[in-house]
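Visitor: Heads up, the sequence shown is in my numbering, so the first residue is 866 and it goes up one at a time.
Every residue, glycine too, gets a C-beta built ideally from N, C-alpha and C.
The structure displayed is predicted, hence computed values, not measured ones.
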Amino acid sequence: MFRRIKFIFWLFFALVVCVVFFGTEESCANLHKKNNKEGIVYWHGDSNQSKVALTFDDGPNEPYTSQILDILKEFNIKATFFLIGKNVQNYPEVARRIIREGHIIGNHTHDHPELILKLNSQIRYQIKKTEEVLVDATGVKPYLFRPPYGLDTPLVWREAEKLNYIVIKWSASAFNGRKDMLPGQIVDKLRREVENGSIILFHDGNRTTKNADRSRIVEALPMLIESLQKRSYQFVTVPQLLGFEN
């Protein structure tokens, strides 16, 4: 028990330092890119194929989720949405639209806690409660799970695996709608980061973040899509990128 408390303390300390110096959760979760652990956790797809996957966290959140869906429909692109249970309860019709238009949904916990500070039973509750909400709203049981803030441990992986989930992280992100970042800056950063097999992180939901303006994401998205298509990238869902679906 003491060893676990000590581990959590140092992990939390590292998070605080990271936020202070880097300012964003996506930077903290990806200070170094990791190799996939087959069937357990994935950061990226095949580096030999010019395919990338767009992912959106923390929704549904109106009007931004619907605006993003409109853009994806215009470009005929399918994406993956990691949804928060409480937000699905607030916007069940938007969740149903995500499914209806051919996108993939993933589990992003019920209220976005830091799972590294939770007990096994609390981790399971967050995953199972969200699953119940998603099934009730959409009729679809997800099998992809993304931990809040991208923060996890082998314990989180193990609990997700017990519930038949695969953990999905990301390999490219850009400011994610910060008020002080223009859409062009978001696109420029992602153009530098994206490579074959990239899983791209965006946020359509706000949670309690005060320094966020998701309209920046809405403005940047078509610019990014057009830019990456000119570089011959194909947009696919996370399951397609990782070979879970043909």
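Would you say the beta carbon of Y1008 comes nearer than 8 Å to a heavy atom of the ligand SAH?
Guide: Ligands displayed in this structure: none; no statement on the ligand SAH is therefore possible.
Visitor: Identify which residue in M1046, L1047, L1016 and R1043 has its Cα closest to the Cα of V1032.
Guide: Start at 1 with the first residue of the sequence shown, and residue 1032 comes out as number 167. V1032 has its Cα closest to that of L1016, out of M1046, L1047, L1016 and R1043.
Visitor: Since F1040 and V917 should fall inside the 8 Å C-beta cutoff, what is the C-beta to C-beta distance between them, to a whole number of angstroms?
Guide: Taking the first residue of the sequence shown as position 1, residue 1040 is located at position 175. Taking the first residue of the sequence shown as position 1, residue 917 is located at position 52. About 18 Å; that fails the 8 Å criterion.
Visitor: List the whole-angstrom C-beta distance separating Y1008 from N1029, where the pair is believed to meet the contact cut-off of C-beta under 8 Å.
Guide: As a position in the sequence shown, residue 1008 is number 143, starting the count at 1. As a position in the sequence shown, residue 1029 is number 164, starting the count at 1. Going by Cβ atoms, the distance from Y1008 to N1029 rounds to 6 Å, so yes, they are a contact pair.
Visitor: Give a yes or no on contact between the segment 1043–1050 and the segment 988–1001, applying the rule of three or more CB pairs nearer than 8 Å.
Guide: no
Visitor: Let's test the definition: count the other Cβ atoms within 10 Å of the Cβ of F940 and tell me whether it reaches 16, buried, or not, exposed.
Guide: Numbered from 1 along the sequence shown, position 75 holds the residue referred to as residue 940. Of the residues assessed, F940 falls on the exposed side of the cut-off, its CB having fewer than 16 other CB atoms within 10 angstroms.
Visitor: Just the Cα atoms here: how many angstroms apart are Q1105 and G910?
Guide: Here residue 1105 is taken as the residue at index 240 of the sequence shown, counted from 1. Here residue 910 is taken as the residue at index 45 of the sequence shown, counted from 1. If I take the Cα positions, the gap works out to 9 Å.
Visitor: Taking only runs of the beta strand (DSSP E) that begin and end inside the segment 968–1040, which ones reach a length of at least 3 residues, in chain order?
Guide: 969–972 and 1031–1033
Visitor: If you reduce the DSSP assignment to three classes, tell me which class I1064 lands in.
Guide: Within the sequence shown, the letter at position 199 stands for residue 1064. If DSSP states are grouped into helix, strand and coil, I1064 belongs with the strands.
Visitor: Tell me which residues share the same chain as I988 and place their Cβ nearer than 7 Å to its Cβ, disregarding the 5 neighbours each side in the sequence.
Guide: In the sequence shown, the residue the question calls residue 988 occupies position 123. Only L980, V1021 and E1024 meet the Cβ criterion.
Visitor: Please name the residue or residues paired with Y907 in a DSSP beta bridge.
Guide: Your numbering for residue 907 matches position 42 in the sequence shown. Answer is I1033, bridged to Y907.
Visitor: In this structure, does DSSP put R868 in helix, strand or coil?
Guide: Residue numbering aside, residue 868 sits at position 3 when the sequence shown is read from its first letter. Any reading at R868 is ruled out, since the residue's pLDDT is 45, under 50, leaving its predicted position unreliable.
Visitor: Checking 9 Å against the spacing of the C-beta atoms, do N913 and N1061 come in under that value?
Guide: Locating residue 913 in the sequence shown gives position 48, where the first residue counts as 1. Locating residue 1061 in the sequence shown gives position 196, where the first residue counts as 1. In this structure, N1061 lies closer than 9 Å to N913 by Cβ.
Visitor: Answer with buried or exposed for G924, where buried requires no fewer than 16 other C-beta atoms within 10 angstroms of its C-beta.
Guide: What you label residue 924 is simply residue 59 of the sequence shown in a count that begins at 1. Looking at its Cβ environment, which holds 16 or more other Cβ atoms inside 10 Å, G924 is buried.
Visitor: Please classify G1108: does DSSP put it in a helix, a strand, or coil?
Guide: Mapped onto the sequence shown, residue 1108 falls at position 243. Looking at G1108 - three-state DSSP - the assignment turns out to be coil, as it is neither helix nor strand.
Visitor: Would you identify the three-state DSSP class for K916, choosing helix, strand or coil?
Guide: Reading the sequence shown from its first residue, position 51 is the one you call residue 916. If DSSP states are grouped into helix, strand and coil, K916 belongs with the strands.
Visitor: So the candidates are E903, Q932 and V906; which of them puts its Cα closest to the Cα of I1082?
Guide: Counting from 1 along the sequence shown, the entry for residue 1082 is found at position 217. If we check each option's Cα against that of I1082, Q932 comes out closest.
Visitor: To the nearest whole angstrom, what separates the beta carbons of I829 and I1090, a pair I think is in contact under 8 Å?
Guide: What is shown of the chain runs 866 to 1111, which leaves residue 829 out entirely.
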